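The structure appears right after this line, and notes come after that.
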Amino acid sequence: MKKIKIILISLGILVLLIILGVLFGNWYLKKEIRAELDKNEYSENFSYEDLSVNLLTQNASLSRPVWESEKFLFEAEDIQLKNFNIWNYLSNDIIEVDELFLLNPGIVLYDNIEEEEESNGKEMQEDIRIGKLTIVKGRLEMKDNPEADNELYLSILSLKLAGIQINRSTTQSKIPFEHEELRLEADSLFYDLNSEHSLGIKNILLDDGQLRLEDLNIRPKYSKADHDRAIPYEKDRASVSINSVIFKQPEWEHKNDSLYISSPGVEISGADAQIYRNKLLPDDPRVKPMYSEMIRELGIKVKLDSVNIRESNIVYEERTREENPAGAINFGNVEATIKNIVNVNMDSDDFPLTSIEARANFMGQSRVTLNWEFDIRNLQDEFQINGSFAGIDAEEINPFMRPVMNVETEGHIESLFYNFYGNRHEASGDMKLSYRDFKISLLKDGEKEEKSFLSGLVNLILKNDVVNEDVSQEDINVERDKTKSVWNFFWLLIREGSIKTFL
Numbered sequence: 001m002k003k004i005k006i007i008l009i010s011l012g013i014l015v016l017l018i019i020l021g022v023l024f025g026n027w028y029l030k031k032e033i034r035a036e037l038d039k040n041e042y043s044e045n046f047s048y049e050d051l052s053v054n055l056l057t058q059n060a061s062l063s064r065p066v067w068e069s070e071k072f073l074f075e076a077e078d079i080q081l082k083n084f085n086i087w088n089y090l091s092n093d094i095i096e097v098d099e100l101f102l103l104n105p106g107i108v109l110y111d112n113i114e115e116e117e118e119s120n121g122k123e124m125q126e127d128i129r130i131g132k133l134t135i136v137k138g139r140l141e142m143k144d145n146p147e148a149d150n151e152l153y154l155s156i157l158s159l160k161l162a163g164i165q166i167n168r169s170t171t172q173s174k175i176p177f178e179h180e181e182l183r184l185e186a187d188s189l190f191y192d193l194n195s196e197h198s199l200g201i202k203n204i205l206l207d208d209g210q211l212r213l214e215d216l217n218i219r220p221k222y223s224k225a226d227h228d229r230a231i232p233y234e235k236d237r238a239s240v241s242i243n244s245v246i247f248k249q250p251e252w253e254h255k256n257d258s259l260y261i262s263s264p265g266v267e268i269s270g271a272d273a274q275i276y277r278n279k280l281l282p283d284d285p286r287v288k289p290m291y292s293e294m295i296r297e298l299g300i301k302v303k304l305d306s307v308n309i310r311e312s313n314i315v316y317e318e319r320t321r322e323e324n325p326a327g328a329i330n331f332g333n334v335e336a337t338i339k340n341i342v343n344v345n346m347d348s349d350d351f352p353l354t355s356i357e358a359r360a361n362f363m364g365q366s367r368v369t370l371n372w373e374f375d376i377r378n379l380q381d382e383f384q385i386n387g388s389f390a391g392i393d394a395e396e397i398n399p400f401m402r403p404v405m406n407v408e409t410e411g412h413i414e415s416l417f418y419n420f421y422g423n424r425h426e427a428s429g430d431m432k433l434s435y436r437d438f439k440i441s442l443l444k445d446g447e448k449e450e451k452s453f454l455s456g457l458v459n460l461i462l463k464n465d466v467v468n469e470d471v472s473q474e475d476i477n478v479e480r481d482k483t484k485s486v487w488n489f490f491w492l493l494i495r496e497g498s499i500k501t502f503l
């Protein structure tokens, strides 16, 4: 009995010593970690409510941390470290954690601070290895200064990163860490595109080698009238909504100070675009680049093997007369495939041509096709474009012709085929047009009544004797107005061919 009592007392003393040792260890580790946090060069901008350390479970937590500087603000409700290798940290300056958990973190980046050419801070001494990072209900903001409106806002439902490595080498990169897996789910994104438009995305999911964006929209900040008053020269007002955009196997990284983005396939479904332009405003005198130059000189490096557009619609409105409302043309059920949007490895022998194949219903009636091909590397921006219009009643285009050109048309266009080639300066080619009983009526300004004498004169010289026959026009030549868009260039070619056919 006495022996059992001695054993129990010894066990009790041992347990008590272990408890005291753990308590002392927790106190000591907490003291050391506090000292490390306090002696950090940024400690005057860093605060927290409480620090908890558990030697037995190797867990640690920090409640309500706040870190603020001239360039950013970081705050969170709670930070938890699971299986934190405390001894490795204290003895080898290696932060090794199985899991890092952040609850309700918020990061605000200020972009009004110019980056210094040379860093005056200390180089990073510790290596950081995190098995898994989990963020729940976070947010990311970008703004000019603490009092300014958001330029970007991202609401994060959850973010999971695995295999994170941070060291002296990775911190020299734009993305200061390496990782193996990434899963992101966000329920809203706002981005201030420019002074006239903003971008919004309702749902974002990055998982299983796919990035999915849902309910994407570009919204004008002003009504058409206010937009016209807010801009100094002609500028499109765009309203765009897209059901979904899917990037397959997306990859991104920084190479040679440039952001690199690639995907073997992009799917765009259910896009509706409404474009409005007031031609009564002063012209924008700046040179407009061709699409090949835009991609070649893009601020980021891209490699998109294919972009498929499905079940989409485009409406273009143009106002040319003070007394008339804007005229509109529309393309419905747009289906398009764009191949090789690429501006990397442009010196390779097998660099691909960029091609665009598109089909649509024009004004709800005519089926139109377009095939476009160019070489992004070509500094003269050479291209070839061909396609067709198949069957349209002339009356169907009057909603555009009447307010924009002050004319009305009658008759039927059986078909139109075109084939043009050119460069950034000029273009030429041929066109075939078949029409029946075509008639043009010139309208009095602001009225539907035709100017009878001038209309009669115009229709006298129209070749209305051509019925169900293809009229070919070759040697169509147009010089490009470089202050106008690429589509204006294309329209001038069609117009030139039509004038030669009708007159």
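At position 104 of the sequence shown the residue is numbered 104 (full-length UniProt numbering), and the sequence of numbers has no breaks. Each residue gets a CB set at the ideal place from its N, CA and C atoms; glycine is no exception. Bear in mind the structure is a predicted one, so any value in this text is a computation, not a measurement.
- Taking the C-beta atoms as reference points, E414 is found nearer than 8 Å to S434.
- Secondary structure of S348 (DSSP, three-state): coil.
- According to DSSP, residue pairing for G265 in a beta bridge involves K248.
- Under the three-state reduction of DSSP, L492 is assigned to helix.
- In this structure, DSSP gives R229 a helical state, which the three-state scheme calls helix.
- Taking every protein chain shown into account, the CB of L379 has fewer than 16 other CB atoms within 10 angstroms, so this residue is exposed.
- In this chain, the beta strand (DSSP E) harbouring S52 covers 50-54.
- E293 is classed as buried because its beta carbon has at least 16 other beta carbons within 10 Å across all chains shown.
- Checking the DSSP bridge columns, you'll see N308 partnered with E267, T337.
- Remark: three or more beta-carbon pairs, one from each stretch, lie closer than 8 Å, so the stretch 78-87 and the stretch 101-108 are flagged as touching.
- Between E214 and L281, the beta carbon gap of about 35 Å keeps them out of contact (Cβ cut-off 8 Å).
- In the structure shown, G411 falls within a strand segment according to DSSP collapsed to helix, strand and coil.
- Taking the Cα positions, D349 is about 11 Å away from R377.
- For P220, the three-state secondary structure derived from DSSP is strand.
- A straight line joining the alpha-carbon of Y153 with that of H197 spans about 15 Å.
- Between I275 and A394, the alpha-carbon positions lie close to 23 Å from each other.
- Under the Cβ criterion (8 Å, minimum of three pairs), the stretch 260-268 counts as touching the stretch 298-317.
- Assignment of V287 by DSSP, reduced to helix, strand and coil, places it in the coil class.
- By the Cβ-count criterion, V478 is buried, with 16 or more other Cβ atoms from all chains shown falling within 10 Å of its own Cβ.
- Going by DSSP, E181 is part of the beta strand (DSSP E) stretching over 181-192.
- A residue is called buried once 16 or more other Cβ atoms fall within 10 Å of its Cβ, and I499, having fewer, is exposed.
- Taking a cut-off of 8 Å on C-beta distances, the stretch 216-225 touches the stretch 188-203, as three or more cross pairs fall below it.
- Annotated three-state conformation of G497 is helix, per DSSP.
- For L102, the enclosing beta strand (DSSP E) covers residues 94-103.
- Less than 8 Å separates the beta-carbon of I135 from that of L159.
- In this chain, the beta strand (DSSP E) harbouring M142 covers 127-143.
- Straight through space, the alpha carbons of Q58 and V97 are spaced by roughly 9 Å.
- In the structure shown, the three-state DSSP call for R321 is coil.
- For the pair N340 and P352, the CB atoms are nearer than the 8 Å cut-off.
- The beta-carbon separation of L493 and A390, rounded to 19 Å, does not stay under the 8 Å limit for a contact.
- CA-to-CA, the gap between S441 and N398 works out to about 11 Å.
- Counting C-beta atoms within 10 angstroms of its own C-beta, M431 has 16 or more neighbours from the protein chains shown and is therefore classed as buried.
- The beta-carbon separation of F489 and R480, rounded to 5 Å, stays under the 8 Å limit for a contact.
- A162 carries a strand assignment under DSSP once its states are collapsed to helix, strand and coil.
- Within the same chain, Y233, E234, K235, T483 come within 8 Å of D284 by CB-CB distance, once the 5 residues on both sides are set aside.
- In this chain, the beta strand (DSSP E) harbouring S388 covers 383-393.
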